Every structure is written in structure tokens, then in C-alpha cells.
Amino acid sequence: MGMVSDKLMDFLNNGGFDLGYDEWELPKLDDMDAVLENSVHVWDYKGLTEEQISAIQKRGYFLVKLAQQANVKNIVEVGTAQGYQFYTFGKYFKDLESTGIVYSCDLRDVRNERMNSLFLKECFYVNGNSEKLSNSISSKTKIDMFFIDGAHQKGDVLSDIENLKHLQSDNCIWVFDDYDERFGIYEELKLLEEKHPNTSVVNQAHKKAKYSNNMLIVWGKM
Ligand SMILES: C[S@@+](CC[C@H](N)C(=O)[O-])C[C@H]1O[C@@H](n2cnc3c(N)ncnc32)[C@H](O)[C@@H]1O
Numbered sequence: 062m063g064m065v066s067d068k069l070m071d072f073l074n075n076g077g078f079d080l081g082y083d084e085w086e087l088p089k090l091d092d093m094d095a096v097l098e099n100s101v102h103v104w105d106y107k108g109l110t111e112e113q114i115s116a117i118q119k120r121g122y123f124l125v126k127l128a129q130q131a132n133v134k135n136i137v138e139v140g141t142a143q144g145y146q147f148y149t150f151g152k153y154f155k156d157l158e159s160t161g162i163v164y165s166c167d168l169r170d171v172r173n174e175r176m177n178s179l180f181l182k183e184c185f186y187v188n189g190n191s192e193k194l195s196n197s198i199s200s201k202t203k204i205d206m207f208f209i210d211g212a213h214q215k216g217d218v219l220s221d222i223e224n225l226k227h228l229q230s231d232n233c234i235w236v237f238d239d240y241d242e243r244f245g246i247y248e249e250l251k252l253l254e255e256k257h258p259n260t261s262v263v264n265q266a267h268k269k270a271k272y273s274n275n276m277l278i279v280w281g282k283m
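Residue 283 is where the sequence shown ends in our numbering, and the numbering goes up by one at each step.
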């Protein structure tokens, strides 16, 4: 049992109708203002089906709600890609007029340029891995939420944790994407789930999807 409400968990598990968001009524993907307005929309994911996109969109919204419920002030993400989750968090902080920052890193910079220019204060990007990111964040900064979504080979998640854990706040939340057998990080995530007393697993895949797409949430410090 975690610290997230059942309603929110159902949202990710069951298709998103509960929170007044209908996954089948999506704004057009090239409509950037709709992307920002909804905090849950995606760009540059060409070639994905509506079903796949709806799963990604739900995750953005879900994690923002999670951050909101836990009163999260600073976030670290590993694996920025185009910045879907990065800028969704950035928009969340900007709307709150909070001083919160989302720190993110990737080995390749493929961020959406327009979004980048909109969230200069809220979104801090480092080109490199989690070690380089952690070296760029003051050790006095405390991070309330970690979203680990970078390298997926065996041992990669453990390295990310090792590199970042000195930044943990007392009541932090760790979220690990892609907790599925097909990824090299599966076994280490399973051990984390077994070891920690307070965890949640949510399947964010669409009901019709071929594979499950689980996310592991660990409540509290590593
Ligand atoms: C699944 S994508 C991230 C998606 C993104 N978090 C989002 O929500 O839109 C994984 C990203 O991790 C990056 N990556 C791979 N190895 C990495 C590493 N060691 N450190 C940081 N990023 C890495 C890849 O380049 C890729 O862009």
C-alpha cells in the first residue's frame, strides 16, 4: 500500500476516465498549446498508435498528480528523450509559480526546442548520465521525486540509484519505468520491490496492448 490514492492508481490502470480525462478524445498531437494546457500530451512520437500514445499521455498526468499529492518540490529524471515527462513536470512547476526544478539527463540531446525555451527556469538539462547529472546538482539540494527511465541494461538502475541517492529528501518517491521481464533491469527492480516495505506497481499499458508496461514506485529512501 503506497501513498497514492486509489483513484489515481485506477486512473493509470483503467484508462483514465475517473479524473475527467477521456483517453480517446485527444487533442491533435501537433497542437503544442493543447500539449501544455493538458500537461499530458506528447510530441515527436511519430509512428505510435493512438493506443500507445494514450498510455504515454496517462503516465505524464499520473506522475504530475503524484508529485502534487506528495507536495514534491524538486524532481530528478534520468532519460530525457524528447522531454515529454521533463516538460510536463516543468509546466507543473511553472503553473504553481513554484521555485521547483526538474533536473534531467540524457546521453543524446533530442529535446523539443520550443518547449526548452518555455521552461528555462523550471527545467535543467545535463548532457550525460546520472553521475554527471548528480555532479551538476548542489549537494544541498534535496530531491523529493526520482523518475528513472534511462538505460535499461542489467545494473543500470542500480548505478543510477548509487549516483543519485545522496540527494534524497526524507520522504522521497522513486519511480522506475519499464518494470517488465523483457528489460535487463527487471531482476534488480524485482529485488528492490522485495526489499522495500512500501512499494506499488502499476501497469500503464493500454488494455489492448501486447505487452504490459509496469512502473515500480518505491515510497521512501533507498
Ligand atoms: C525511454 S526514453 C526516456 C523517455 C522520457 N523519460 C519520457 O518520459 O519521455 C530513454 C532515454 O534514456 C536515454 N539513455 C540511455 N542510456 C542512458 C544513460 N546511461 N543515462 C542517461 N540517459 C540514458 C536514451 O537516450 C533515451 O532517450
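For glycine and all other residues, C-beta sits at the position ideal for the given N, C-alpha and C. Bear in mind that the values here come from a model prediction, so they are computed numbers and not experimental data.
With a cut-off of 7 Å, the C-beta of Arg169 is classified as near ligand 1, since at least one heavy atom of the ligand falls inside that distance. The Cβ neighbour count for Lys203, taken over all protein chains shown within 10 Å, is under 16; the residue is labelled exposed.
The beta carbon of Glu223 is closer than 7 Å to none in its chain, skipping five residues each way along the sequence. Per DSSP, Asp167 is one residue of the beta strand (DSSP E) stretching across Ile162 to Asp167.
Excluding five sequence positions before and after Phe150, the CB atoms of its chain that fall closer than 6 Å to its own CB belong to Ile136 and Val163, given in chain order. For Cys233 against Phe207, the beta-carbon gap comes to about 7 Å, under 8 Å, which counts as contact. With respect to Val262, Tyr240 sits close: the two C-beta atoms are nearer than 8 Å. A check of alpha carbon separations from Gly161 across Phe180, Ile278, Asp170 and Glu174 identifies Phe180 as the nearest. Excluding the 5 residues flanking it on each side, Thr260 has same chain C-beta neighbours closer than 6 Å at Glu254 and Val279, in chain order.
Taking the CA atoms as reference points, Lys282 sits about 14 Å from Ile209.
Per DSSP, reduced to three states, the secondary structure at Met206 is strand. Beta-carbon to beta-carbon, Gly140 and Gly189 are separated by about 12 Å, too far to satisfy the 8 Å threshold.
One thing to note: Val171 has its Cβ within 8 Å of the Cβ of Gln143. Taken in chain order, the complete alpha helix (DSSP H) segments of 4 or more residues contained in the segment 128 to 190 are 145 to 157 and 174 to 179. DSSP places Asp221 in no beta strand (DSSP E) but in the uninterrupted alpha helix (DSSP H) bounded by Asp217 to Leu225. Between ligand 1 and Ala128, a heavy atom-to-CB distance of less than 7 Å is absent.
Shown here, Ser261 sits in a strand according to DSSP, grouped into three states.
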